[in-house]
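There are 2 protein chains.
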Amino acid sequence: MIDPAVIVGTGLVGASVGCALSAAGLSVHLRDRVRSHAVVAAGRGAGVVEPVDPASARLVVVAVPPTAVPRVVASSLARYPNAVVTDVGSVKSKILDEVIALTEDASRYIGGHPMAGSHQSGPLTAAAELFADRTWVLTPRPDNPDWVVETARTLASVCGARIVEMSAADHDRAVAEVSHFPQLVSSLTAARLADVPRGDLRLAGQGVRDVTRIAASDPDMWVQIVAANRAPIREQLVALRDDLSGLIAALDEPDAVNDVLKRGNKGVRALPGKRGKRPDKLVPVVVQIPDAPGALGRLFADIAMNGINIEDLSIEHDPDREIGYLSIDVAPDRVDGLRRMIRDRGWGLRS
Amino acid sequence: MIDPAVIVGTGLVGASVGCALSAAGLSVHLRDRVRSHAVVAAGRGAGVVEPVDPASARLVVVAVPPTAVPRVVASSLARYPNAVVTDVGSVKSKILDEVIALTEDASRYIGGHPMAGSHQSGPLTAAAELFADRTWVLTPRPDNPDWVVETARTLASVCGARIVEMSAADHDRAVAEVSHFPQLVSSLTAARLADVPRGDLRLAGQGVRDVTRIAASDPDMWVQIVAANRAPIREQLVALRDDLSGLIAALDEPDAVNDVLKRGNKGVRALPGKRGKRPDKLVPVVVQIPDAPGALGRLFADIAMNGINIEDLSIEHDPDREIGYLSIDVAPDRVDGLRRMIRDRGWGLRS
Chain R
1 MIDPAVIVGT
11 GLVGASVGCA
21 LSAAGLSVHL
31 RDRVRSHAVV
41 AAGRGAGVVE
51 PVDPASARLV
61 VVAVPPTAVP
71 RVVASSLARY
81 PNAVVTDVGS
91 VKSKILDEVI
101 ALTEDASRYI
111 GGHPMAGSHQ
121 SGPLTAAAEL
131 FADRTWVLTP
141 RPDNPDWVVE
151 TARTLASVCG
161 ARIVEMSAAD
171 HDRAVAEVSH
181 FPQLVSSLTA
191 ARLADVPRGD
201 LRLAGQGVRD
211 VTRIAASDPD
221 MWVQIVAANR
231 APIREQLVAL
241 RDDLSGLIAA
251 LDEPDAVNDV
261 LKRGNKGVRA
271 LPGKRGKRPD
281 KLVPVVVQIP
291 DAPGALGRLF
301 ADIAMNGINI
311 EDLSIEHDPD
321 REIGYLSIDV
331 APDRVDGLRR
341 MIRDRGWGLR
351 S
Chain Y
1001 MIDPAVIVGT
1011 GLVGASVGCA
1021 LSAAGLSVHL
1031 RDRVRSHAVV
1041 AAGRGAGVVE
1051 PVDPASARLV
1061 VVAVPPTAVP
1071 RVVASSLARY
1081 PNAVVTDVGS
1091 VKSKILDEVI
1101 ALTEDASRYI
1111 GGHPMAGSHQ
1121 SGPLTAAAEL
1131 FADRTWVLTP
1141 RPDNPDWVVE
1151 TARTLASVCG
1161 ARIVEMSAAD
1171 HDRAVAEVSH
1181 FPQLVSSLTA
1191 ARLADVPRGD
1201 LRLAGQGVRD
1211 VTRIAASDPD
1221 MWVQIVAANR
1231 APIREQLVAL
1241 RDDLSGLIAA
1251 LDEPDAVNDV
1261 LKRGNKGVRA
1271 LPGKRGKRPD
1281 KLVPVVVQIP
1291 DAPGALGRLF
1301 ADIAMNGINI
1311 EDLSIEHDPD
1321 REIGYLSIDV
1331 APDRVDGLRR
1341 MIRDRGWGLR
1351 S
C-alpha cells in the first residue's frame, strides 16, 4: 500500500524513515536538493537515488526544513498524482494553511510529526530504529479519504512508532505546552546565568544544569519553530508571566510560595512516567568512576553479579578533575548491599 | 584541633559529617532533639550519643532545620565556651544577622554550606563520602580569629570537600542565581503543566522532564529557603520577568527570539563543565534495555570488551511499556563500531 515510497529531504529524519521502510522490504526513492546527501543516505541503506515513475508512487514523505515544507508538499501533490503526501514538520497548522492556499485539492495530504529527538541533523547517523516506540503524531482531517489516513498509519507502524491522532490545532497547542514553552523557559533561565559574576557559577549543582540543558539547542531551528507556532506559545508565556508576577508580589508570604511549589509538584506528577514506581522512593548511591574505557563495564558487571536491579542512573562530571560520578538509584532495601559490594570491589563510594 | 567534635542535628547532613569525622579517627558526640535519630546515626558510625565535657569541645557543627539554626548556634556558643561553632544552612546572611542579635560575641561562629544535594533527609542514608569533591562554602568575617577559620577549613578538608570562601552576602547572591532561582523557575514551569489538558502530556519528551525535574522537590524545605533569601531571589525573578516581557512583546520578530536563544546558549556554556570535551561533539546511540537485573551489566561488559569509552549516558523509561532506553554518548568515530557491536550481540538498537 505504501510501495514504492519517495523521501524528499534526506537529513536525519528523512534518511531514517528511508532506512525503516527499506528494512521492511519496501522500495524507497530518495530525493534531496543537495544530491550528495541523498547519496550518503542511500549508502546508509535508506533507499536508492534513482527516480521513481511518478504515477506509480504510493507515498511521499516530505522531510525538508520547516519553512520549505508547504511548497514541497504542494509540488509533490502535483508531481505524484496517486500518492499520499505526508510531512514530518514539528508544527502543523501553519503548514496545513499554506498547503491549502497552494493547492486545489489537499485531500491526499495528511500532516505528521514523528517525535524523535536528536541533536544530529545529517543523514550520517540515520537509523531504521530512530522511531521505535517514539510517538508519531498524525493530524487527519475530515477531507482526508480513509485510504489516505490508513497509508499514513502504515508508514508510522512500519517505522515502529506509537501513533497518536489529533487535530493540527490540538497538536500545536500540545507541543507549545510540553516542548516549545519549556525550551524558551530554559533559554531565558540560562540567559540569566550569562549575566551573573563568573565566580558565582562555581556553586552551580545538578539542578540548574538540568533546567538549562536544552538551552544549548540550535537557535536557527528554534527560531523557525517559534515563528510557526507563535499563538499557543504566547499563551503559555503570558500565563507564566502572570504566575511569575504573582510570585514576585507574594514572595514574602510563605503560603503563596508554598502554593507555587505544590503546584509544581502536581505538574511533575502529571507527566506520564515509569509505571508503578515512585522515583522518590528510590535511594541514590554515588560511585566515583575513572574516566577510562571499560570502567563502567566492570562496575556494572559487578552490580549484575550481585543481582541488584538499577532503577535509574545518571552521570555527573567533576568540573575540575578528570573523573565522573555515577549516581545509581536502587530500592531502599538494596542500598546497604550495593554499598558493601562497591566498597568490597574497590570502587570509590561517595554516598 | 577539631577533636572532640559535637554534631547537633543528626539528619542526613549532620550524620554524614559525623561519619566523615569518625572515619578520620576523631571523637564525635551526637545530639538530636529526637534522641532516636542520634541513636540511628550512631549505628551508622557517625559517633557516640554520650555527651561531651562542654569545656573540652573544639568544634560544634549545627545541622538542624534552617529556622532553628540561629538559636542553636547561639546556645552552642554559650554551652561550649572553647569551641568553634559552624552550621550547614543553605542561606547565610539571615542566620548571621540573627546569631549576632542573639549573642554578645559571635567571633567563634563561622558560617558554612556543604553543597551535598540529596532528596534524602534522614540519617539512614548517611555516609562519610557524601561531601567528597563537593563544594563546601565557608563565609569567614573580619571578626573571626584565624584559628576559627582554620578549624572550619579542617572540618571541610577532613570531609573531603572542595573549599570555597566568600562573604555571606556573596554566597547568598550566588545560590539565589544558581539554585534558588532555577528551583522556582522549574516549579513555575511544572505548575503550567498541571493546568493543560492531560492528553497533551502524551507528547512530553525528555526536554520538559529535565526542565521540571527539580520541581518535584520538597515544598516545606524550599519555603524556608526562599523566606531566608528573598532579596537576591526577587532580583533574579524580576530580571526574568523583564526578559520574559521583552520576549512576549517581540515574539513576532525572529531576531529578538534568536537573541534569547543565543544568550541561552551562552549561559549554558558559562557553567563549569567537563574539561576539554564539547558535549555537542558527541553522538548518542540509543539501546533498548530490558528492565531486569543484570541487563545493564551485560551490556556494559560488551561495550567494555570492545574498548569503547562512554562519554556520557542517560536512561529514559518508556511510559507505556516496562522497558527502558539507554542513551550512550560516544565520540563520532566510535558510533558505527558501537552500533555494530550492539546489533551483533543481540541488543535492540534504536538510533
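Quick note, the sequences are listed as chains R and Y, same order.
Sequential numbering of the first sequence, starting at 1, is according to the numbering used here.
Sequential numbering of the second sequence, starting at 1001, is according to the numbering used here.
Glycine included, each C-beta is placed from N, C-alpha and C at the ideal position.
Note that the structure is predicted; figures quoted are calculated from it, not measured.
The count of Cβ pairs closer than 8 Å, one atom from the segment 1031 to 1041 of chain Y and one from the segment 336 to 347 of chain R, stays below three, leaving the stretches out of contact. Annotation note: the segment 1218 to 1269 of chain Y contains the following uninterrupted alpha helix (DSSP H) runs of length 4 or greater, listed N- to C-terminal: 1219 to 1228, 1230 to 1249. Not a single CB atom of chain Y sits nearer than 7 Å to the CB of V17 of chain R. Scanning R:P65, R:W147, R:S76 for the CA closest to the CA of D220 of chain R turns up R:P65. No Cβ-Cβ contact shorter than 7 Å links V1148 of chain Y with I1100 of chain Y.
Assignment of P54 of chain R by DSSP, reduced to helix, strand and coil, places it in the helix class.
When DSSP states are grouped into helix, strand and coil, V1287 of chain Y belongs to the strand group. Leaving aside the five residues that flank N82 of chain R on each side, the residues in its chain whose CB is nearer than 8 Å to its CB run, in chain order, A55, S56, A57, R58.
Only exposed fits D1097 of chain Y, as fewer than 16 other CB atoms lie within 10 angstroms of its CB. In this structure the segment 1210 to 1229 of chain Y touches the segment 257 to 264 of chain R; the number of beta carbon pairs closer than 8 Å is three or more.
Looking at the DSSP output, V1158 of chain Y sits in no beta bridge, so it has no partner there. A contact between stretches requires three or more CB pairs, one per stretch, nearer than 8 Å, and the segment 1196 to 1203 of chain Y fails this requirement with the segment 1163 to 1177 of chain Y.
Here the alpha carbon of E129 of chain R sits roughly 17 Å from the alpha carbon of G1205 of chain Y. Identification of chain R residues near P1145 of chain Y by a Cβ-Cβ cut-off of 7 Å yields none; the smallest Cβ-Cβ distance measures about 26 Å.
For P182 of chain R, the enclosing alpha helix (DSSP H) covers residues 181 to 193.
Boundaries of the alpha helix (DSSP H) harbouring L96 of chain R: 93 to 102, taken from the DSSP string. With a contact defined as Cβ atoms closer than 8 Å, V62 of chain R and G9 of chain R qualify at about 6 Å. In terms of beta-carbon proximity, S1090 of chain Y stays away from the interface with chain R, with every pair separated by 7 Å or more. A direct Cα-to-Cα measurement between L1012 of chain Y and S186 of chain R gives close to 31 Å. Segment contact: the segment 46 to 53 of chain R against the segment 161 to 170 of chain R, fewer than three CB-CB distances shorter than 8 Å; contact not assigned. In this model, K92 of chain R and T1135 of chain Y are separated by some 47 Å (Cα to Cα). Of the residues R:D133, R:P182, R:A249, the one whose Cα lies closest to the Cα of C159 of chain R is R:D133. Shown here, T1212 of chain Y sits in a helix according to DSSP, grouped into three states. Listed along chain Y are G1207, D1210, V1211, each with a C-beta nearer than 8 Å to that of I214 of chain R. With a threshold of 16 other beta carbon atoms within 10 Å, R1108 of chain Y meets it and is buried. P1332 of chain Y sits in a helix when the DSSP states are folded into three classes. The Cβ atoms of L1102 of chain Y and A1074 of chain Y lie closer than 7 Å to each other. Within chain R, the C-beta atoms nearer than 8 Å to that of W1222 of chain Y come from V257, L261, in chain order. Cβ contact annotation for V1039 of chain Y (same chain, cutoff 7 Å, sequence separation greater than five): V1049, in chain order. For T67 of chain R, there are no C-beta contacts with chain Y under 8 Å, since the nearest C-beta of that chain is about 11 Å from it.
When CB distances to chain R are screened at a threshold of 7 Å, the residues of the segment 1083 to 1115 of chain Y falling below it are M1115, in chain order. At a cut-off of 7 Å, the C-beta of P1070 of chain Y has no neighbouring C-beta in chain R. Following the DSSP letters along the chain, one finds A176 of chain R in no beta strand (DSSP E), marked with neither H nor E.
At least one CB atom of chain Y sits nearer than 7 Å to the CB of A204 of chain R. DSSP places S27 of chain R outside both helix and strand once states are collapsed to three, so it counts as coil. Distance from the CA atom of P1145 of chain Y to the CA atom of D1003 of chain Y, rounded to whole angstroms, is 19 Å.
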